[in-house]
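Numbering (the working numbering), first residue to last: 231 to 499.
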């Protein structure tokens with residue numbers, strides 16, 4: 231049983247959905263980033279989605295773009311990010327850790343080499359935001375070779391043909407978009423997403439987790455009520471980091487409270 235399967239089995243026993251925060255690794259610097267990731271896990275995160283800073287993040291809204299800029303200004307590299315994950319893995323061996331990144335970062339190192347290094351660091355899954363399912367074969371092949379789950383995105387306006395391809399190839403979980411567009415809390419997720427969840431479940435997809443526009447506990451509750459296996463919150467999490475750049479203690483305290491509140495909202499019934 232892999233880490234995602236073990237997580238969903240544990241949560242099913244507890245009658246809970248999954249809460250998965252996203253942050254950009256190396257934001258605002260490597261030392262603080264280590265503390266942030268550790269705080270998210272100890273505060274109740276069931277799994278993590280982590281970004282690697284990139285100069286042209288086309289799917290990211292302003293909040294995540296600024297996170298990338300802060301990390302790049304500290305000269306944080308993809309290798310630094312994998313080192314952060316390897317260090318986190320020492321204290322948290324059971325938490326599923328996924329990367330959400332862009333194809334140029336993977337191809338710059340060579341697809342196979344990148345997946346090999348990610349697996350060695352302790353990465354469980356990789357989602358490449360700018361590669362559609364029809365062009366993902368080389369990435370899926372590397373994922374299978376190195377025992378990494380390839381996560382695919384299910385957009386709200388996907389055709390039946392696209393959903394069938396996603397059902398065939400997405401492993402670990404399926405990233406279900408709560409709305410179209412870029413990341414950010416400025417536009418809320420379009421709930422309920424029950425119809426799309428039902429269409430995906432009919433195709434026997436990996437468990438769908440809703441992201442994009444999730445910033446409040448009531449949105450997590452709505453996602454779970456719609457039948458999703460969990461919810462992902464990125465920009466709201468990163469916003470807390472942005473608001474406390476000069477006070478790490480306050481940053482970690484507020485981050486811990488936010489994660490705990492969002493996790494509490496995953497309780498069913």
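Beta carbons are placed, not taken as given, at the ideal position from N, Cα and C, and that holds for glycine.
Determine the direct distance from the alpha carbon of residue j to that of residue i, and round the result to whole angstroms.
i, j, result
"residue 399", "residue 477", "43 Å"
"residue 268", "residue 278", "10 Å"
"residue 376", "residue 342", "8 Å"
"residue 288", "residue 360", "8 Å"
"residue 257", "residue 263", "6 Å"
"residue 442", "residue 405", "10 Å"
"residue 421", "residue 447", "Bear in mind that a pLDDT of 49 at residue 421, under 50, signals an unreliable position, so the number given afterwards is only what the model happens to contain. Each residue's Cα considered, the two are about 13 Å apart."
"residue 307", "residue 378", "21 Å"
"residue 407", "residue 467", "17 Å"
"residue 475", "residue 429", "42 Å"
"residue 334", "residue 285", "10 Å"
"residue 362", "residue 303", "30 Å"
"residue 282", "residue 454", "28 Å"
DSSP three-state label for residue i, please.
i, result
"residue 234", "helix"
"residue 424", "helix"
"residue 400", "coil"
"residue 433", "coil"
"residue 250", "strand"
"residue 446", "coil"
"residue 406", "strand"
"residue 487", "helix"
"residue 258", "coil"
"residue 395", "helix"
"residue 202", "Because the chain spans 231 through 499 in this model, residue 202 falls outside it and cannot be assessed."
"residue 475", "coil"
Taking all protein chains shown into account, decide if residue i is buried (16 or more other Cβ within 10 angstroms of its Cβ) or exposed.
i, result
"residue 438", "buried"
"residue 292", "exposed"
"residue 458", "buried"
"residue 393", "buried"
"residue 320", "exposed"
"residue 244", "exposed"
"residue 452", "buried"
"residue 354", "buried"
"residue 324", "exposed"
"residue 473", "exposed"
With DSSP as the reference, please indicate the residues paired to residue i in a beta bridge.
i, result
"residue 461", "249 and 440"
"residue 382", "404"
"residue 497", "246"
With 7 Å set as the bound, which would you pick, yes or no: does the beta-carbon of residue i sit closer than that to a beta-carbon of chain C?
i, result
"residue 441", "Looking for chain C here will not work: only one protein chain is present."
At a cut-off of 6 Å, would you count residue i as near the ligand ATP, judging by its Cβ distance to the nearest heavy atom?
i, result
"residue 258", "Absence of the ligand ATP is noted for the structure shown, with no ligands found whatsoever."
Inset, instruction - Could I get the ranges of all uninterrupted beta strand (DSSP E) runs contained in the stretch 264-321, with 3 residues as the minimum, in chain order? - result: Entirely contained in the stretch 264-321, the beta strand (DSSP E) runs reaching 3 residues are, in chain order, 278-281.
Inset, instruction - Would you list, in sequence order, the uninterrupted beta strand (DSSP E) runs of no fewer than 3 residues that lie entirely inside the stretch 316-363? - result: The DSSP assignment places 327-331 and 355-358 as complete runs of the beta strand (DSSP E) inside the stretch 316-363, in order along the chain (cut-off: 3 residues).
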